[in-house]
Each structure stands twice: as C-alpha cells, then as structure tokens.
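*Asks:* So the number in this note's numbering is just where the residue sits in the sequence shown, counting from 1, plus 14. C-beta atoms are modelled at their ideal positions from N, C-alpha and C, and glycine is treated no differently.
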Amino acid sequence: MSLLITGGTVVGPSGSYPADVLVEGEKIAALFVPGGGPDGVETVDATGKYVIPGGIDAHTHMELPFGGTNASDTFDTGTRAAAFGGTTTIIDFAVQRTGEVVQDGLAAWHAKAEGNCHVDYAFHMILGGVDDDSLKAMDQLVTDEGISSFKLFMAYPGVFYSDDGQILRAMQKARDNGAMIMMHAENGIAIDVLVQQALSRGETDPVHHGLTRPEAMEAEATHRAIRLAEVAQDCPLYIVHLSASQALEQVAAARDAGRNVFAETCPQYLYLTLEDQLGAPGFEGAKWVCSTPLRSGKEHHHRDLWKGLRSNDLAIVSTDHCPFCFKDQKELGLGDFSKIPNGIGGVEHRVDLVYQGVVDGKLSLERWVETISTTPARMFGLYPRKGVIAPGSDADIVLYDPAGRTRISVETHHMNMDHSAYEGYEIAGKVDTVISRGTVVVAGGAYHGRRGHGRYLPRGLSSYLV
Ligand SMILES: [Zn+2]
Ligand SMILES: [Zn+2]
C-alpha cells in the first residue's frame, strides 16, 4: 500500500526543502518536487508542517528493576507513549545483573519486549559484572545479536558498579570488536560517603540527593573514563546523561584532541534545576530524583548544555526514561532520600522539548532533527535504515506542526506515571502525525497503532568510527 505525503517541508541535518514523500509498504520509495508525485495514491496533507524522520530515543529503561521496584512503564505503555510523542524507535538497556550470564539477561529483555512494542526497538547491554565470561559475551553480542554498545557504571557500588580495572578490560574488548562503551560517569564510591554523611546529619529530603552528587564527582568520573579509554587505545566512549558544565568541558577537551568521545544530554538537564524541582517543598522533590542529578540554576549548566548541543560536543538528546510513580514508588524514600528510586519519565516529550529550543533560538531546525533522530541512528548503527527521509529507509516519519501547541500534563500524557516532570509546560509546536514503518500510528490526536507492531532492530557498528 502506498501513501504520498504532500505539501510539507522535509527537514534533515543537511537542510530543509519542500518535497513530497512517497511511502510504499514499510519503506520510503521516493521524494518528489512538490506536486510531482504519482496520481491515484492515498495522500496525507502536510501543508505547513515539517516532515522529519521519526525520533530515536537512544536511552530508555522500560520495566527496569531498580531500588526495590520496577520502572512503571512496560514496553507496551512506554512505546505507545513514545509514539504519541513522535519517537518511532527506542534503544532500551538490557541488563546483566551481577553474577548473571550476559546472554540470560539479554534473553530476559527480549522476553519483556517481544510482541509488546508499538514502535521498533533495539537494545544496549548493561554489564553488571565484567569478568572473562562477560568479556567473551561482548564479542558474541556484537557478532550475533546486533548489540554494539555496552553500558558500564562508575556509580552504584554493590549494584551495577565496575571498578577501573573492569572498565579498562571492557574498553580493551570494545576497542577490538568495534563496540561503543557507554558510561554512567559519577564517582559512586565517593558519593556514597557523602550520602552516608548527609543522612547521619539528618539531611533526608530529596534535595540532598543532588547535593551529595556534586558536579565535581561527575567531572572527575568523566575525566577518568576518558583517560581510561585513551589507555585502551582510543576505545570509543559515549558519556550518558551528561548534566554538568565541568563534565562537558572534559568531553569538549577530549574531542578537540581528536578522541572518539561522544556524549548525550537529556531534556531534564536542559530545563529543570536543583532548586526549582528537586528542592521543591517537603517530599515533592522526589519526582525529580535521577542520576546524574538536576544541577543548580544559579550556575550556567543549561546555557552550556545548549551550547554543547550546537557545537556537537553533545551529539544526542535522549531521555533516560525511567519512570516511577510518586505513590508507592518514589515514596519508598520517605525519610531517606537515598531510597528514592532514581529516574524521570520523559520518552513522550523529548521531540517537543528539544523543538522548544528551536523556538527559543537555541538550536537550528536542522540540528533539532540531527540530535533527536539522525545522530542517534548513526551513533548506534541504525543508519540509514532509520534517522533519515530518503529512498530505501524505513518509513518512520513525523509530521510536526510548528503552528500547533503542546501542553504537557499528567492529565494528558500516555506514560504510566501519576505525575509529570514537566507539568504545565507549554511547547510552541506539536506532533501532528506519526508513521511507523509505513503505518500511520498517530493522527489527529488519536491512536491507530497496535501492540506488537514494533520489531527488534539488530544494530551494526557506529557510523562515527573507522
Ligand atoms: Zn545511568
Ligand atoms: Zn539510564
């Protein structure tokens, strides 16, 4: 079945131009000068709208077991919410728990996702224990399973933590097999000392989550990860959820030196602050407990991160979508901030929140598409199947209405959360129509997709590495 998208402006990293887009089956078949497409084909009117490749959220945690509970979105609810927000691919983190066989952890993630996703999905692998077996498994996952990126943690001692020797070994393995090492860069050993000291002083409110994870601990770990990657003969390194100016400086310096170092940030670090959200009165701030934490609005993190996005020192905006309900989940940390499950839900709002940066003059239209779709596809081995409006690519297409408005609220969102991190935010723009592999899944605010439409995407190696 064919579909002709007419009258819109196609936007990609290299520019914006009027074109009609022909979809045949699940693929983009051709682009035409306006009016140049075939007759007798079903059409979608995109007049006045941007025609962009579907969003790719390269960092989600559906159903993640964490802090004695599970992230509240399933692959079903989370990918449906993603579709509503113009995201047609997620890359979720499969988990090897400490002591578990890597392939067993991966199989468990496939079991959660298979048949339940509304949009396409891929996996990174979290290594919770680096040893001879898991190092061997890295090769097998790259070769046979389409998993070419591995996340390690310098934080969370006793949970996901890897020490520097383990990190170095995994980096050496990645250097050899072409995979990407993704790093949660915070000095968890030192942070745990600060946490215990705060609790012993009776500082139990959510704001102390942020105060015990200072910027210096992110910058130090980012620096250490970069130097370890250097020792591992320039193993490709991707810093996840970068939140702080000083950490960004480390990434920028490494990139200026020609290193294979990349980084992402998340909407929460571009908009929210330690004082306004995490420091909300009483226990309210628990809604915004995430790691890395929200940073102080008295410093210049927001300004610096937007600048990093423009300069490509920050390549990607992902969400780190890891939602927990306030009731019964965030409340696990009443009286002890260290027991609040870490995470913010945002998979539905990333495309809009980054678009607001275009409206505010902080980002170009082309760079918006690049940071939310094209670069994630290239970074993680999905390009050109995803991330571009071009013949032969999957027909994952969003019609975005710059004249529309989006109001974010728990009353209207589709994520399985009892609150919104962005309650009351108004975006000058709106997701109008969402097409996933040739199927219209969202149109006119109504949902036409289905659970099970989404397919697993085996990935290749990053396009950014030679
Ligand atoms: Zn993390
Ligand atoms: Zn994460």
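Express the C-alpha separation of Ile358 and Ser450 in angstroms, rounding to a whole number.
*Replies:* Within the sequence shown, numbered from 1, the residue matching residue 450 stands at position 436. Within the sequence shown, numbered from 1, the residue matching residue 358 stands at position 344. Approximately 25 Å, taken between the alpha carbons.
*Asks:* Is Asn84 helix, strand or coil when you go by DSSP?
*Replies:* For the purposes of this step, residue 84 is taken as the residue at position 70 of the sequence shown. Strand at Asn84.
*Asks:* Any idea what DSSP makes of Leu319, helix, strand or coil?
*Replies:* Along the sequence shown, one-based indexing puts residue 319 at 305. Leu319 falls in the helix class under three-state DSSP.
*Asks:* Locate the alpha helix (DSSP H) running through Leu379, then write down its first and last residues.
*Replies:* Stepping through the sequence shown from its first residue, residue 379 is reached at position 365. First-last of the alpha helix (DSSP H) with Leu379: 379 to 383.
*Asks:* Hey, would you say the C-beta of Val254 is under 7 Å away from at least one heavy atom of ligand 1?
*Replies:* Along the sequence shown, one-based indexing puts residue 254 at 240. Val254: yes, Cβ under 7 Å from ligand 1.
*Asks:* Could you give the residue range of the beta strand (DSSP E) that holds Glu425?
*Replies:* Along the sequence shown, read from residue 1 onward, the residue named residue 425 stands at position 411. Here Glu425 belongs to no beta strand (DSSP E), and DSSP marks it neither H nor E.
*Asks:* Apart from the five residues on each side of it in sequence, which residues of its chain come closer than 6 Å, Cβ to Cβ, to Tyr439?
*Replies:* What you label residue 439 is simply residue 425 of the sequence shown in a count that begins at 1. Cβ neighbours of Tyr439 beyond the five flanking positions: Ile422.
*Asks:* Taking 8 Å as the cut-off, decide whether the C-beta atoms of Ile253 and Ala199 are in contact.
*Replies:* Here the question's residue 253 lines up with position 239 in the sequence shown. Here the question's residue 199 lines up with position 185 in the sequence shown. In contact: Ile253 and Ala199 (Cβ atoms closer than 8 Å).
*Asks:* Closest to His73 by C-alpha separation, out of Arg241, Thr103, Ser30, would be which residue?
*Replies:* Counted from its first residue, the sequence shown places residue 73 at position 59. Minimum Cα distance to His73 is reached at Thr103.
*Asks:* Tell me whether His73, by its Cβ, gets closer than 7 Å to a heavy atom of ligand 2.
*Replies:* Taking the sequence shown and counting its residues from 1, one reaches residue 73 at position 59. Checking every heavy atom of ligand 2 against the Cβ of His73, one is found closer than 7 Å.
*Asks:* Tell me the residue span of the beta strand (DSSP E) that contains Ala72.
*Replies:* By one-based count along the sequence shown, residue 72 stands at place 58. Its beta strand (DSSP E) spans residues 69 to 74.
*Asks:* Under 8 Å between C-beta atoms, does Gly54 make it to chain B?
*Replies:* Of the protein chains in this structure there is only one, and it is not chain B.
*Asks:* Quick one: does the C-beta of Asp59 sit closer than 7 Å to a heavy atom of ligand 2?
*Replies:* The sequence position of residue 59 within the sequence shown is 45, counting from 1. For ligand 2, not one heavy atom lies less than 7 Å from the Cβ of Asp59.
*Asks:* For Cys131, which residues from the same chain have a beta carbon less than 7 Å from its beta carbon, with the 5 sequence-adjacent residues on both sides left out?
*Replies:* Looking up residue 131 in the sequence shown gives position 117. Excluding residues within five positions, the ones whose Cβ falls inside 7 Å are Phe89, Thr93, Gly468.
*Asks:* By a C-beta neighbour count over all protein chains shown, 10 Å radius and 16 as the cutoff for buried, is Asp147 buried or exposed?
*Replies:* Counted from its first residue, the sequence shown places residue 147 at position 133. It counts as exposed.
*Asks:* To the nearest angstrom, report how far apart Ser387 and Asp178 are at their CA atoms.
*Replies:* Counted from its first residue, the sequence shown places residue 387 at position 373. Counted from its first residue, the sequence shown places residue 178 at position 164. Their Cα atoms are separated by approximately 32 Å.
*Asks:* Under the three-state reduction of DSSP, which class applies to Met231: helix, strand or coil?
*Replies:* Numbered from 1 along the sequence shown, position 217 holds the residue referred to as residue 231. Note: Met231 maps to helix in three-state DSSP.
*Asks:* For Arg419, which residues of its own chain have a beta-carbon under 8 Å away from its beta-carbon, when the five flanking residues on both sides are left out?
*Replies:* For the purposes of this step, residue 419 is taken as the residue at position 405 of the sequence shown. Hits under 8 Å: Glu440, Ile441, Ala442, Gly443, Lys444.
*Asks:* With H, G and I counted as helix, E and B as strand and the rest as coil, what does DSSP make of Tyr283?
*Replies:* What you label residue 283 is simply residue 269 of the sequence shown in a count that begins at 1. Helix, per DSSP.
*Asks:* Using C-beta distances below 7 Å, list every residue in its chain close to Gln211, excluding the 5 sequence neighbours before and after it, in chain order.
*Replies:* In the sequence shown, the residue the question calls residue 211 occupies position 197. Within the same chain, Gln211 has no close Cβ partners at all.
*Asks:* Could you check whether Val144 and Gln117 sit closer than 8 Å to each other, using their CB atoms as the reference points?
*Replies:* Numbered from its first residue, the sequence shown carries residue 117 at position 103. Numbered from its first residue, the sequence shown carries residue 144 at position 130. No, Cβ-Cβ distance for Gln117 and Val144 is not below 8 Å.
*Asks:* Is Ala138 near ligand 1, going by C-beta to nearest heavy atom under 7 Å?
*Replies:* On the sequence shown, position 124 is the one that residue 138 refers to. Rather than Ala, the amino acid found at residue 138 in this sequence is His. The answer is no for His138.
*Asks:* Using 8 Å as the cut-off, can you tell me whether the stretch 136 to 143 makes contact with the stretch 100 to 115, which would need three or more C-beta pairs spanning the two stretches below that distance?
*Replies:* Touching, yes.
*Asks:* Hey, would you say Ala60 sits closer than 8 Å to Thr20, going by beta carbons?
*Replies:* What you label residue 60 is simply residue 46 of the sequence shown in a count that begins at 1. What you label residue 20 is simply residue 6 of the sequence shown in a count that begins at 1. In this structure, Thr20 lies closer than 8 Å to Ala60 by Cβ.
*Asks:* How long is the line joining the alpha carbons of Asp206 and Val331, rounded to whole angstroms?
*Replies:* On the sequence shown, residue 206 is found 192 positions in, with the first residue counted as 1. On the sequence shown, residue 331 is found 317 positions in, with the first residue counted as 1. Asp206 and Val331: Cα-Cα distance of roughly 28 Å.
*Asks:* For a test of your reading of the model: does the CB of Ser305 fall under 7 Å from any non-hydrogen atom of ligand 1? Yes or no.
*Replies:* To locate residue 305, count along the sequence shown from 1; it is residue 291. Yes, the beta carbon of Ser305 sits closer than 7 Å to at least one heavy atom of ligand 1.
*Asks:* Looking only at its chain, what residues have a beta carbon closer than 7 Å to the beta carbon of Lys63, apart from the 5 residues adjacent to it on each side?
*Replies:* Walking along the sequence shown from the start, residue 63 turns up at place 49. Only Gly22, Leu413, Tyr414, Asp415, Asp446 meet the Cβ criterion.
*Asks:* Quick check on this structure: which residue in Asp327, Pro390, Ala409 has the alpha carbon closest to the alpha carbon of Gln260?
*Replies:* Your numbering for residue 260 matches position 246 in the sequence shown. Among Asp327, Pro390, Ala409, the Cα nearest to that of Gln260 is on Asp327.
*Asks:* Met76 and Asp106 look like a contact to me (Cβ under 8 Å); what is the Cβ gap, rounded to whole Å?
*Replies:* Looking up residue 76 in the sequence shown gives position 62. Looking up residue 106 in the sequence shown gives position 92. The Cβ separation is near 5 Å, so the contact holds.
*Asks:* Determine whether the beta carbon atoms of Ala329 and Thr389 lie at a separation below 8 Å.
*Replies:* As a working mapping, residue 329 is identified with position 315 in the sequence shown. As a working mapping, residue 389 is identified with position 375 in the sequence shown. Cβ distance < 8 Å, so Ala329 and Thr389 count as in contact.
*Asks:* Taking 7 Å as the cut-off, is the CB of Asp106 close to at least one heavy atom of ligand 2?
*Replies:* Position 92 of the sequence shown, counted from the first residue, corresponds to residue 106. Result no, Cβ not under 7 Å from ligand 2.
*Asks:* By the three-class DSSP mapping on this structure, what secondary structure does Pro390 have?
*Replies:* One-based indexing of the sequence shown puts residue 390 at position 376. In the structure shown, Pro390 sits in a helix (DSSP, three-state: H, G or I).
*Asks:* Return the chain-ordered list of same chain residues with a C-beta closer than 6 Å to the C-beta of Asp134, the five sequence neighbours on each side being excluded.
*Replies:* As a working mapping, residue 134 is identified with position 120 in the sequence shown. Same-chain partners within the cutoff: Thr103, Gly468, Arg469, Leu471.
*Asks:* Can you tell me which of the three DSSP states Asp158 falls into?
*Replies:* Indexing the sequence shown from 1 puts residue 158 at position 144. Residue state, collapsed to three classes: helix.
*Asks:* Please check the pair Gln282 and Gly360, which I expect to be a contact at CB under 8 Å, by giving their CB distance rounded to whole angstroms.
*Replies:* On the sequence shown, residue 282 is found 268 positions in, with the first residue counted as 1. On the sequence shown, residue 360 is found 346 positions in, with the first residue counted as 1. Confirmed, Cβ separation roughly 7 Å.
*Asks:* Please state the DSSP three-state secondary structure of Asp415.
*Replies:* Position 401 of the sequence shown holds residue 415. DSSP places Asp415 in strand when its eight states are reduced to three.
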